[in-house]
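A short write-up of the structure that comes next.
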Amino acid sequence: MSTALAAALATAAHRGAAAALRAPKLEVAGMSKRFGSLQALDKVDLLVRPGTVHALLGENGAGKSTLVKCIMGFYRADEGSVVLDDREVAIASPRDARALGIGMVYQHFTLVPSLTGAENLVIARADTPLVIDWRRERERLEAFLARMPLQVPLDRRAGELAAGEKQKLELLKLLYLDQRFLILDEPTSVLTPDEALEVLGFVRRMAREGAVSVLLITHKFREVQAFADEVTILRRGRRVGGGAVGELSTDTMAALMVGERQTAPGSRGDRAPGPPGPVALELAGLVAEGDRGALALDGVNLEVRAREIVGVAGVSGNGQKELVECLFGQRPLRDGRIFVKGEPFEPTREAFARFALRGLPEQPLENAAVRRLTVAENLALRSFDRPPLARGIWLDRKAIRARAKELIERYRIRPPDPDTPLEFLSGGNVQRTVLARELSEPVEVLVVANPCFGLDFASTADIRAEILAQRDRGAAVLLISEDLDEILELADRILVLSAGKIVHAVERAAADRTAIGRHMAGH
Amino acid sequence: MSESELAIVLGAMVGGAIRVSTPFLFVALGEMLTERGGRINLGLEGILVLGAMGAYAVSYHTGSPWLGVAAAAGCGLALGLLHGLLCSLPRVNDIAIGIALMMLGTGLAFFFGKPYIQPTAERLPSIPLGGWIEDPRLARALEVNPLFLLGVLLAVFLYWALGRTRPGLVLRVTGDSTAAARALGIPVTPVRVLATAIGGAMAGIGGAFLSLYYPGSWNEGLSSGQGLMAVALVIFARWHPLRCLWAALLFGAAGAIGPALQSIGISQGYYFFNAAPYVLTLLVMIASARSGRARIDAPGELALVR
């Protein structure tokens, strides 16, 4: 009895000391989680020391999200425990996590779009008063913000803020709620390089001052090396390595993260077999409105030659989505023309076939396929009304299935069953299916948007190889991607789209990451 | 048209606008509240009719019109609650339930209302704001009903509550983003059910106005689509309580053109002028479909805008 009491007192004393230090220590011991037949986490250990930034590195599907969701109480782990400041804690829901001071910035923001910054901060408090005295709340908020090196507008609606501002507001929200263990889920995926520097630099400084401890989920080595003190590397649900960042080289981390296959897909030396041909795709002064009426494309001019990949870089929300939608006829043009091989192009089914313009828009399940139709039917969408798949007005189901089987094998679509509804396939396999359909006939102009977003290493490599192969065969490729690394790897010429305009153009040989980043940020 | 006739027409327009706008105002505020929570209730037309019948019946039996108003609110609360609960079941569509509720409400009202078509019930009193005016026709036009004043207070209260109270912010969060609401630990479904029920009660009060003040009797043709027009009105008001008030007055004024002209003996095109609110609804729907602002102000979870 007395020992238990002594232990409790000791814990209390320790917690008192930790509270003064603020930054907590968090330990995960032997955590396992199974989903059906998939072992998502396999006895993972993790130690985040107080006042440090700890990177959690791994590929898509390595178990990073599962681990964090177990810590946050979204999932209940099958085995293992979470120890906060040397005390084992039970976290059954995100609310429990919040009460313990563990907060997370999600990839999809949890701000309420129609509420202002101030309203978002106040409603997030657990003790929002019944009647809100805005004058007092404003004073409190401003006093809080005065201590922070990050600034966000409090009176604008969250929905009107740029991605970087939203992210800052999310971070400030956690700090305003006095959460001292911060989990950041790939925070820089929607930020410009400068914004990323500001946000991560701020987090690192807070950690250095002993105010917070941070778990940073990422798959970017640069971020690990620039901002993290320690790293844990996950692969297929297991901890495969880690330690102090200074002691691990990028090559070691890469090798641990991807296992045997080490070479980056589509290596940089991969040049086109010949000089680019004549202009195949020309966009002349495209102007289009976004979903909310404002101008999303403000006079986009660009040319893509045959046997050339033109990469359009930019932070999401600068007109990429609208550009692709205009090309595929999903969005009306307010002004401007599209020319293919010098001829005006109207996005009709007939014109797509005649000009051999094909593509892979982002989120193909929504934009380029019918989720309830089978794989075979989706594969036939471009050609079901022509021989050999059609006889008069009748479909030849046998021919459609035979063609599907052939494509499934060539593009390694899993499961290899032509009769599965497309919506049951994984993201990578949906992507493969649409790409297989688009490339099943000769292509002259190929438009691809974020083709590898959310895909694993193997799918990424396959799809990039396919894009390069199409270029080498003589196609003009327009690659629109939010992943600058992908563009630097694949594109022969790089353009930057910012606020609906092409603001920068450079040959790959002369491409400078910093300069591109500055233009992405609109400087 | 002489000067005094013009004054009478204008006076009748103002009085008429207030009179005709009252049911619009209550139904619109109820719909606004429901939609701010992220659901749409097209059943308010049914609630309006059932509220009118319930209010008339209770007023007839008890002799107290205010008990009638309370009964109408009760009918609305019950039907709103029914809508809220049914829509909380998985894969149930709020628009379809709303249409079913519209038919249920009118059907119940016609069924139970048969015996009340003939008798006369105690009506709501009016407040003579125009008592100082000599012309009796003008004075009569400016009599204000107490429910309108209640509606104005309600609109101001809702404006204050949505911006400055925790329940108000909670409702707006729920209507704008289910995910964000869950992350904040807000019980999303109960909030929506409650908003729909309270919105139903408001629409019920609008019905009480129809049978107990203007036109002031119960019959089956009492409502002429005010419950449905209120949906357009809420879009026009961009989900803002005070703008709901102005929009209701505008619709009321449009509805008052015909009777106002008739009061000075102009009855040509009477039916044409009576169609004004419907034409206005059509124009409002076209205009707001074209404006980007409505889409920015619309609650994010609303099936109407998703």
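Protein chains in written order, with the numbering used here: chain R, 1 to 523; chain C, 1 to 306. The beta carbon of each residue, even a glycine, is placed where N, CA and C say it ideally should be. Everything numeric in this text was worked out from a predicted model, so none of it was measured.
Which word fits residue i, buried or exposed, when buried means at least 16 other C-beta atoms lie within 10 angstroms of its C-beta?
{"i": "Ala96/C", "result": "exposed"}
{"i": "Glu247/R", "result": "exposed"}
{"i": "Tyr213/C", "result": "buried"}
{"i": "Ile102/R", "result": "buried"}
{"i": "Phe227/R", "result": "buried"}
{"i": "Arg19/C", "result": "buried"}
{"i": "Ala8/R", "result": "Because the pLDDT of Ala8/R is 39, which lies under 50, any placement of that residue in the model is unreliable, and the number read from its coordinates should be weighed accordingly. With fewer than 16 other Cβ atoms within 10 Å, it is exposed."}
{"i": "Glu343/R", "result": "exposed"}
{"i": "Gln118/C", "result": "exposed"}
Need the endpoints of the alpha helix (DSSP H) that residue i sits in, please.
{"i": "Ala96/C", "result": "Asp94 to Gly113"}
{"i": "Phe148/C", "result": "Pro146 to Arg164"}
{"i": "Met148/R", "result": "Neither: Met148/R is in no alpha helix (DSSP H) and is coded neither H nor E."}
{"i": "Ala29/R", "result": "Note, Ala29/R: premise wrong, no alpha helix (DSSP H); beta strand (DSSP E) at Leu26 to Phe35."}
{"i": "Leu121/R", "result": "Gly117 to Ala124"}
{"i": "Phe251/C", "result": "Pro241 to Ser263"}
{"i": "Phe457/R", "result": "Phe457 to Asp472"}
Between which two residues does the beta strand (DSSP E) containing residue i stretch?
{"i": "Val279/R", "result": "Val279 to Glu289"}
{"i": "Leu33/C", "result": "Element bounds for Leu33/C: not the beta strand (DSSP E) but the alpha helix (DSSP H), Glu3 to Arg36."}
{"i": "Ser383/R", "result": "That residue, Ser383/R, is in no beta strand (DSSP E); it is neither H nor E in DSSP."}
{"i": "Glu88/R", "result": "Arg87 to Val89"}
{"i": "Ala183/C", "result": "No beta strand (DSSP E) holds Ala183/C; the alpha helix (DSSP H) holding it covers Thr178 to Ala183."}
{"i": "Thr218/R", "result": "Ser213 to Thr218"}
{"i": "Glu533/R", "result": "In this structure chain R extends from 1 to 523, so residue 533/R is not present and cannot be described."}
Mind checking whether residue i and residue j have CB atoms under 8 Å apart?
{"i": "Leu129/C", "j": "Pro146/C", "result": "no"}
{"i": "Ile413/R", "j": "Val375/R", "result": "yes"}
{"i": "Gly15/C", "j": "Glu143/C", "result": "yes"}
{"i": "Ile480/R", "j": "Ala449/R", "result": "yes"}
{"i": "Leu407/R", "j": "Leu373/R", "result": "no"}
{"i": "Leu130/R", "j": "Arg166/C", "result": "yes"}
{"i": "Arg235/R", "j": "Ala77/R", "result": "no"}
{"i": "Phe24/C", "j": "Gly252/C", "result": "yes"}
{"i": "Ser224/C", "j": "Ala52/C", "result": "no"}
{"i": "Lys25/R", "j": "Asp85/R", "result": "yes"}
{"i": "Asp194/R", "j": "Gly500/R", "result": "no"}
{"i": "Tyr60/C", "j": "Ala121/C", "result": "yes"}
{"i": "His219/R", "j": "Glu59/R", "result": "yes"}
Tell me the rounded alpha-carbon separation between residue i and residue j.
{"i": "Ala195/C", "j": "Gly255/C", "result": "29 Å"}
{"i": "Arg261/R", "j": "Asp483/R", "result": "Because Arg261/R carries a pLDDT of 45, less than 50, the predicted location of this residue cannot be relied on, and no value is offered for it."}
{"i": "His504/R", "j": "Val152/R", "result": "28 Å"}
{"i": "Glu31/C", "j": "Ile467/R", "result": "52 Å"}
{"i": "Pro113/R", "j": "Arg157/R", "result": "6 Å"}
{"i": "Asp335/R", "j": "Glu282/R", "result": "14 Å"}
{"i": "Leu215/R", "j": "Leu360/R", "result": "35 Å"}
{"i": "Val152/C", "j": "Met103/C", "result": "29 Å"}
{"i": "Leu171/C", "j": "Glu139/R", "result": "25 Å"}
{"i": "Pro277/C", "j": "Ala181/C", "result": "37 Å"}
{"i": "Arg164/C", "j": "Val28/R", "result": "42 Å"}
{"i": "Leu357/R", "j": "Pro278/R", "result": "16 Å"}
{"i": "Ala244/R", "j": "Leu455/R", "result": "28 Å"}
{"i": "Ala57/C", "j": "Met229/C", "result": "26 Å"}
{"i": "Gly30/R", "j": "Val203/R", "result": "28 Å"}
{"i": "Gln320/R", "j": "Gly314/R", "result": "8 Å"}
Is any non-hydrogen atom of the ligand ADP found closer than 7 Å to the C-beta of residue i, if you look at the structure I gave you?
{"i": "Gly500/R", "result": "Ligands displayed in this structure: none; no statement on the ligand ADP is therefore possible."}
Using 8 Å as the limit for Cβ to Cβ distance, is residue i near chain C?
{"i": "Thr128/R", "result": "yes"}
{"i": "Leu141/R", "result": "no"}
{"i": "Arg331/R", "result": "no"}
{"i": "Ala402/R", "result": "no"}
{"i": "Glu119/R", "result": "yes"}
{"i": "Leu565/R", "result": "Shown here, chain R extends from 1 to 523; a query on residue 565/R therefore has no answer."}
{"i": "Thr420/R", "result": "no"}
{"i": "Leu174/R", "result": "no"}
{"i": "Ala124/R", "result": "yes"}
{"i": "Val112/R", "result": "yes"}
How about residue i: is its C-beta nearer than 8 Å to some C-beta of chain R?
{"i": "Gly185/C", "result": "yes"}
{"i": "Gly130/C", "result": "no"}
{"i": "Ser288/C", "result": "no"}
{"i": "Thr189/C", "result": "no"}
{"i": "Ser59/C", "result": "no"}
{"i": "Thr106/C", "result": "no"}
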